[in-house]
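Residues in the sequence shown are numbered consecutively from 1, following UniProt numbering.
Where is the CB? At the ideal position from N, CA and C, for every residue including glycine.
Fair warning: this is a prediction, and the values are worked out from it, not measured in the lab.
Each remark here refers to the structure printed beneath this line.
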Amino acid sequence: MSKTLRIATRQSQLAMWQAEHVQVRLQTALPEIDVVLLPIRTEGDRVLDRPLAEIGGKGLFLKELEAAIAAGEADMAVHSMKDVPAELPPGFALPTVLAPGSPLDAFVSNHYDTLESLPDGARVGTSSLRRAAMIKHLRPDLEILSLRGNVQTRLAKLDRGDFDAIVLACAGLERLELASRIASELTIEQSLPAIGQGVLGIEIRADDDETAAHIAALDDEYTHIRIDAERAVNARLEGSCHLPIAAHAVHDGQTLRLRACVGKPDGSVMVRDEISGPTGEAAELGHRLADRLLAAGADKILADLG
Ligand SMILES: NCc1[nH]cc(CCC(=O)O)c1CC(=O)O
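What follows is the structure, encoded as structure tokens:
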């Protein structure tokens, strides 16, 4: 019997696309191995009527996939790095990150081209505290309304008139061939992306050297350095994508530039800073920048959020 590699995946269209993407890339790299998907139904997909922060917070979308890996039913799970908390549970590792999609947030509306052109008091849908903070900081007059569900559900809620505009990740829309729905991209200056936004990572059992060796071919060195820097910010701030924390790194192979910010979800306070240094010190730069943010008031913002 030939060797099989099993990818546990959530069943949303975006999760399936991401898992299939890794399946195809692995299958191409490893023609002698059978790469298959193991679809799993997770709590985060079932419970759509309550805010994400309430129903489990950190690691919500990972738990049940990790359980399948721990039980030996699957060898790996594919994640949007944006959804991966700073610290993985003991026994898990995330050694491989793929070449990135867009890191940017998308402004999506059926009537307006840009965030700037929204009328006074317009209703904007997002359930991300980070996006809420960014949007309210730019436009304090706008009303932020909760928006849960998978990408298609969110678009349907916009289309039926619940909002004047919504903000989603460009990467998710592009993967689902919905890029035509992007009215405009929010720039990095307008909306600093979430840590790991647009990047896919592969999680495995920490002691599974065989799978680690198989997936290593997919690792993108540029992105790996970027992720090390961004995730180091999160490690210090103990954040997840459910907190109003943003960080984005770029580098030229030598020098890394890391921007980060922590904002109050009502947009009234935005602590921003940036740091540059050698790519070899990506994680140290992330820690140092996070410490500076904490000293500049991020500690208070995060403490107030509980
Ligand atoms: N939290 C859900 C989620 N996780 C990853 C993406 C998009 C793809 C990515 O950032 O890699 C999305 C949808 C969104 O935020 O619009």
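Could you tell me which of the options sits nearest to residue i, measuring between CA atoms?
i      : options                        : result
His137 : Glu274, Asp266, Gly306         : Asp266
Gly196 : Glu73, Ser2, Ser80             : Ser80
Ala216 : Ala15, Leu26, Lys157           : Leu26
Thr223 : Lys3, Gly101, Glu87            : Gly101
Ala169 : Val108, Asp162, Asp207, Asp120 : Val108
Asp207 : Glu143, Leu94, Met270          : Leu94
Arg292 : Gly161, Leu192, Gln152, Asp273 : Asp273
Leu178 : Arg257, Ala156, Asp209         : Ala156
Val151 : Arg131, Ile135, Thr126         : Thr126
Gln190 : Glu221, Ile69, Ala165, Thr114  : Thr114
His21  : Ile33, Ala303, Glu32, Ile7     : Ile7
Asp299 : Ile166, Val269, Glu281         : Val269
Gly263 : Ala296, Gly286, Ala15          : Ala296
Arg236 : Gly198, Glu210, Ala283         : Ala283
Exposed or buried, which one is residue i when buried takes at least 16 other CB atoms within 10 Å?
i      : result
Asp228 : buried
Gly172 : buried
Ser276 : exposed
His248 : buried
Asp120 : exposed
Ala70  : exposed
Asn234 : buried
Asp75  : buried
Pro39  : exposed
Pro31  : exposed
Ser2   : exposed
So, for residue i: in the same chain, excluding its five sequence neighbours on each side, which residues have a beta-carbon less than 8 Å away from its beta-carbon?
i      : result
Ser187 : Note that residue 187 is Thr in the sequence shown here, rather than Ser. Closer than 8 Å at the Cβ level, and outside the excluded window around Thr187, lie Leu104.
Thr279 : Ile225, His251, Gly253, Gln254, Thr255, Leu256
Leu305 : Leu129, Leu243, Pro244, Pro265
Asp219 : Pro95, Thr96, Val97, Leu98
For a test of the three-state rule: what should DSSP assign to residue i, helix, strand or coil?
i           : result
Val269      : coil
Asp220      : coil
Ser2        : coil
Ile202      : strand
Thr279      : helix
Leu118      : coil
Ile135      : helix
Leu37       : strand
Ile55       : Here the model assigns Ile55 a pLDDT of 49, short of 50, so the residue's position is not dependable, and the following value carries that caveat. Ile55 falls in the helix class under three-state DSSP.
Ala298      : helix
residue 338 : Here the chain covers residues 1 to 306 and nothing more, so residue 338 does not appear.
Val97       : strand
Residues in the same chain with beta-carbon distance under 7 Å from residue i, minus the five sequence neighbours each way, listed in chain order, please.
i      : result
Gly201 : His79, Met81, Val84, Leu94, Thr96, Val97
Pro140 : Gly267
Ser184 : Phe107, Asp113, Thr114
Pro193 : Pro103, Leu104, Asp105, Ala246, His248
Ala212 : Pro95, Ile204
For residue i, which residues from the same chain have a beta carbon less than 6 Å from its beta carbon, with the 5 sequence-adjacent residues on both sides left out?
i     : result
Gln18 : Val78, Leu200
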